[in-house]
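Line by line, the protein sequences give chains R and G.
Under the working numbering, the first residue of the first sequence is numbered 32, with each subsequent residue one higher.
Under the working numbering, the first residue of the second sequence is numbered 48, with each subsequent residue one higher.
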Amino acid sequence: TLTERLDQVFKKLKGRGKLTEKDIKDALREVRLALLEADVNYTVVKDFIARAEEKAAGQEVTKSLTPAQLVIKIVHQELITLMGGGENNSLKLSGPSPIPIMLVGLQGSGKTTTAGKLAGYLRDNKKRRPYLVPADPYRPAAIEQLKKLGESLGIDCYTPASGEDPLQTVAKVREQAREKDFDTLIFDTAGRLHIDEELMEELRAIKELMNPQEILLVADAMTGQDAVNVAKGFNDAVGITGIILTKLDGDARGGAALSIKAVTQRPIKFVGIGEKLDAWEVFHPDRMASRILG
Amino acid sequence: LRPGRGMDEALYQELEEVLIVADVGAEATRRLLEGIRRETKKQGMTDAHDILPLLRREVSEILRPYEAPLSIKGAGDGPFVVMVIGVNGVGKTTTIGKLAYRFTSQGKKVVVGAADTFRAAAIEQLEIWSDRAGAHFVKHGSGADPSAVAFDAVKAAQAKQYDLVFIDTAGRLHTKENLMEELKRIKRIVGRELPHAPHEILLVLDATTGQNAIVQARTFHQALGVTGIALAKLDGTAKGGIIVAIAQELGIPLRLVGVGEGIEDLQDFFAEVFVDALFS
Ligand SMILES: Nc1nc2c(ncn2[C@@H]2O[C@H](COP(=O)(O)OP(=O)(O)OP(=O)(O)O)[C@@H](O)[C@H]2O)c(=O)[nH]1
Ligand SMILES: Nc1nc2c(ncn2[C@@H]2O[C@H](COP(=O)(O)OP(=O)(O)OP(=O)(O)O)[C@@H](O)[C@H]2O)c(=O)[nH]1
Ligand SMILES: [Mg+2]
Ligand SMILES: [Mg+2]
Numbered sequence: 032t033l034t035e036r037l038d039q040v041f042k043k044l045k046g047r048g049k050l051t052e053k054d055i056k057d058a059l060r061e062v063r064l065a066l067l068e069a070d071v072n073y074t075v076v077k078d079f080i081a082r083a084e085e086k087a088a089g090q091e092v093t094k095s096l097t098p099a100q101l102v103i104k105i106v107h108q109e110l111i112t113l114m115g116g117g118e119n120n121s122l123k124l125s126g127p128s129p130i131p132i133m134l135v136g137l138q139g140s141g142k143t144t145t146a147g148k149l150a151g152y153l154r155d156n157k158k159r160r161p162y163l164v165p166a167d168p169y170r171p172a173a174i175e176q177l178k179k180l181g182e183s184l185g186i187d188c189y190t191p192a193s194g195e196d197p198l199q200t201v202a203k204v205r206e207q208a209r210e211k212d213f214d215t216l217i218f219d220t221a222g223r224l225h226i227d228e229e230l231m232e233e234l235r236a237i238k239e240l241m242n243p244q245e246i247l248l249v250a251d252a253m254t255g256q257d258a259v260n261v262a263k264g265f266n267d268a269v270g271i272t273g274i275i276l277t278k279l280d281g282d283a284r285g286g287a288a289l290s291i292k293a294v295t296q297r298p299i300k301f302v303g304i305g306e307k308l309d310a311w312e313v314f315h316p317d318r319m320a321s322r323i324l325g
Numbered sequence: 048l049r050p051g052r053g054m055d056e057a058l059y060q061e062l063e064e065v066l067i068v069a070d071v072g073a074e075a076t077r078r079l080l081e082g083i084r085r086e087t088k089k090q091g092m093t094d095a096h097d098i099l100p101l102l103r104r105e106v107s108e109i110l111r112p113y114e115a116p117l118s119i120k121g122a123g124d125g126p127f128v129v130m131v132i133g134v135n136g137v138g139k140t141t142t143i144g145k146l147a148y149r150f151t152s153q154g155k156k157v158v159v160g161a162a163d164t165f166r167a168a169a170i171e172q173l174e175i176w177s178d179r180a181g182a183h184f185v186k187h188g189s190g191a192d193p194s195a196v197a198f199d200a201v202k203a204a205q206a207k208q209y210d211l212v213f214i215d216t217a218g219r220l221h222t223k224e225n226l227m228e229e230l231k232r233i234k235r236i237v238g239r240e241l242p243h244a245p246h247e248i249l250l251v252l253d254a255t256t257g258q259n260a261i262v263q264a265r266t267f268h269q270a271l272g273v274t275g276i277a278l279a280k281l282d283g284t285a286k287g288g289i290i291v292a293i294a295q296e297l298g299i300p301l302r303l304v305g306v307g308e309g310i311e312d313l314q315d316f317f318a319e320v321f322v323d324a325l326f327s
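This is how it looks when you write it as structure tokens:
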């Protein structure tokens, strides 16, 4: 663990008054390694270590904490702040009904499953009347997948006509939602690459027509260094309002969370912690910080 | 890297960044650069321009021994059985569609078995791919025993004298013991029906995955014995550098790369092509 590694670094440091510049550099070398192993992006790590170095400079080694514990405390606190500690990360649900929410992200990140989980959460925890809307006409049986999730939850799911494109879906659903009195529309879009010009243009067009209250980037917790490119791509194209991190029930350290947050400056709102539709939690920055540090 | 530039620490920093940003990982990067330092010293290299070809060769030499396209010759006169495994959402089902199509296009007769009986619309998704590929599709109802479907797929191939069986399994995190046990059971039951089957246990990895891919490969390998790796989604900006450490540690054959969502977007793994893309 990082604590053990830092204890090694500080073995020779017995009861000195302050952390010297050398002590801090040695310790932060271990922290840098831990963050890279956790998949935090190279440049994000560089910036983070520089900031941590400033925070640690001249800190007093007290009796209550070992030098290793002191460094961890500083780094941990800095991580929590960066992960959104103290920030309001609730969903923006105020505004004229029906409120559209758009889920976007790379292929296979968990958007469709997350749409189901979000719908269940909105109905059960927020007492809302959500409508699931499949806007992925490309992936085989994508519509079927969302319909089945809706059925198991007892939540209505829109059925696009054969060959209907996402823009037509947005227009049609808007009318339907008003008639059927749904107050929240959850649009599940097709997985796409941030470098696919055509599909990113489609996403911009969908956003333009839909005018969503929330555009949530659904990202896989095991994503590596590429997380910054993905986050930047989607954020530049449509503007992300929040992040959902999936598959946190695995053992990936989840450094991608820090990378995505650093690039978008947006709150991580929820995490997926399993395949079942109730495997869903509000995001806790402190837990994520501990997980990333390892 | 302009010619005439000397080999300084800044150069090694830049190389470190290229490798880490490609998901090669901090430890594998450290070892690679250590090797490069020794080599440049040994050869008396002083021009920075010489270092990149050296590094590219170093990475290529790690990967090339494991360059091994999927050959379906090892099954005697029965069907060659491929079991496809991996964590959630990596591209297993789509890769099977592509593989089935590759082999039907070569005139081979292919069975596709829908042993993901858990995830919503998994069977429907695979059936569409199987139909596109012109393969024979074997399924049970949703919630059925995956081993039973795998068994039936193999039996169908034997009865019809088909060449190949692809078994799709549900995505699962390697940390879930009971789900790993389920995979072992599928493997056991298939082996009971057809000795030496599954002839290929193909692990699909997502090229966007970071260091966790090594843990995935290690865990699936320990549980089942992985005989081949397919790296999907290399058409994105992720470089898939995690296979360097996986090759070094586990030595699993590198079979295929997925380069898109279309049925033809499947290529054999070539170390040179991979290394070119890594350093581009
Ligand atoms: N273990 C685990 N699996 C998850 C989680 N969220 C989603 N999954 C699984 O990840 C896989 C992919 O999920 P999907 O919902 O199909 O992903 P998607 O983003 O809609 O995929 P595309 O539409 O193809 O881009 C499925 O097997 C899901 O069951 C999670 O939090 N934990
Ligand atoms: N860009 C790109 N997308 C891919 C590639 N391979 C698969 N995909 C996409 O990734 C998503 C997930 O693919 P699936 O085949 O459903 O993945 P899976 O491993 O079977 O998923 P689960 O069964 O839910 O665990 C789909 O949207 C695919 O189209 C690839 O090589 N490139
Ligand atoms: Mg989907
Ligand atoms: Mg699948």
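By construction, the Cβ of each residue, glycine as well, lies at the ideal position given by its N, Cα and C atoms.
Which value, in whole angstroms, describes the spacing of the CA atoms of asparagine 259 (chain G) and leucine 79 (chain G)?
So the alpha carbons of these two residues sit roughly 20 Å apart.
Give me the chain G residues within the contact set of proline 161 (chain R), using Cβ-Cβ distance strictly less than 8 Å, ordered along the chain.
Within chain G, no residue comes near proline 161 (chain R); the closest Cβ sits about 17 Å away, beyond 8 Å.
Would you call glycine 181 (chain R) buried or exposed, if buried means 16 or more other Cβ atoms sit within 10 Å of its Cβ?
Buried is the call here.
So within the region 214–252 of chain G, which uninterrupted alpha helix (DSSP H) runs reach at least 4 residues, ignoring any that extend past its ends?
224–240
Can you name the residues that DSSP bridges to aspartate 219 (chain R)?
Aspartate 219 (chain R) pairs with R:Leu134 and R:Pro165.
Check whether the region 151–171 of chain G touches the region 185–193 of chain G, taking contact to mean three or more Cβ pairs, one atom from each stretch, closer than 8 Å.
yes
Pick out the complete alpha helix (DSSP H) segments inside the region 268–308 of chain R, 4 residues or longer, and give them in chain order.
287–295
In terms of residues, what are the limits of the beta strand (DSSP E) holding glutamate 245 (chain R)?
In the DSSP assignment, glutamate 245 (chain R) falls within the unbroken beta strand (DSSP E) covering 245–251.
Using three-state DSSP, classify alanine 279 (chain G) as helix, strand or coil.
strand
Would arginine 219 (chain G) pass as a contact of leucine 230 (chain G) if the rule is Cβ separation under 9 Å?
yes
Can you name the residues of chain G whose CB is closer than 8 Å to the CB of isoleucine 226 (chain R)?
Within chain G, the residues near isoleucine 226 (chain R) are Gly283 and Thr284.
Exposed or buried, what is isoleucine 132 (chain R) when buried is set at 16 or more other beta-carbons lying within 10 Å of its beta-carbon?
With 16 or more other Cβ atoms within 10 Å, it is buried.
Indicate the three-state DSSP secondary structure (helix, strand or coil) for aspartate 94 (chain G) in the structure shown.
Under the three-state reduction of DSSP, aspartate 94 (chain G) is assigned to strand.
For the region 211–228 of chain G, which residues have a beta carbon sitting closer than 7 Å to at least one beta carbon of chain R?
Listed by position, the residues of the region 211–228 of chain G near chain R (Cβ gap below 7 Å) are Leu220 and Thr222.
Spell out a yes or no on whether the region 157–165 of chain R and the region 211–220 of chain R are touching, meaning 3 or more CB-CB pairs, one atom from each, closer than 8 Å.
Enough Cβ pairs lie closer than 8 Å, so yes.
Alpha carbon to alpha carbon, how far is tyrosine 169 (chain R) from glutamine 199 (chain R)?
15 Å
If I'm right that leucine 308 (chain R) touches glycine 147 (chain R) with Cβ under 8 Å, what's the distance once you round it to whole angstroms?
About 5 Å separates the Cβ atoms of leucine 308 (chain R) and glycine 147 (chain R), confirming a contact at the 8 Å cut-off.
Going by DSSP, what residues sit across from lysine 49 (chain R) in a beta bridge?
R:Glu91
With a threshold of 9 Å between beta-carbons, can serine 140 (chain R) be considered close to chain G, or not?
For serine 140 (chain R), the nearest CB of chain G lies under 9 Å from its own CB, placing it at the interface with that chain.
Over the uninterrupted alpha helix (DSSP H) stretch that includes arginine 205 (chain R), give me the two end residues.
197–211
Lysine 123 (chain R) versus isoleucine 291 (chain R) - alpha carbon distance:
So the alpha carbons of these two residues sit roughly 20 Å apart.
Cross-chain neighbours of glutamate 64 (chain G) in chain R, by beta carbon under 7 Å:
Per Cβ cutoff of 7 Å: Tyr73.
In chain G, which residues lie with their C-beta within 8 Å of the C-beta of leucine 351 (chain R)?
The structure shown does not extend to residue 351 (chain R), since chain R is modelled only from 32 to 325, so the question has no answer here.
Would glycine 138 (chain G) pass as a contact of aspartate 251 (chain R) if the rule is Cβ separation under 9 Å?
no
Isoleucine 119 (chain G) - DSSP class collapsed to helix/strand/coil
coil
Say whether chain G places a C-beta atom closer than 9 Å to the C-beta of serine 128 (chain R).
Not an interface residue.
Which residues in the same chain have their Cβ closer than 7 Å to the Cβ of valine 201 (chain R), if we skip the five residues on either side of it in sequence?
Correct list, in chain order: Ile237, Leu240 and Met241.
Exposure label - glutamine 296 (chain R); buried when at least 16 CB within 10 Å
By the 10 Å Cβ count, glutamine 296 (chain R) comes out exposed.
Short Cβ contact (9 Å threshold) for glycine 222 (chain R) with serine 140 (chain R):
yes
Name, going along the chain, the residues of the region 293–314 of chain R whose beta-carbon falls closer than 8 Å to a beta-carbon of chain G.
Glu306
Any idea what DSSP makes of alanine 150 (chain R), helix, strand or coil?
helix
Closer than 5 Å from C-beta to any heavy atom of ligand 4: which residues, in chain order?
G:Lys139 and G:Thr140
My guess is that valine 304 (chain G) and glutamine 314 (chain G) are in contact by the Cβ rule of under 8 Å, so how many angstroms apart are they, rounded?
Correct: roughly 5 Å between the Cβ atoms.
I'd like to know if phenylalanine 165 (chain G) contacts chain R, where contact means its C-beta is closer than 9 Å to some C-beta of that chain.
yes
Under three-state DSSP, which class holds leucine 96 (chain R)?
Residue state, collapsed to three classes: coil.
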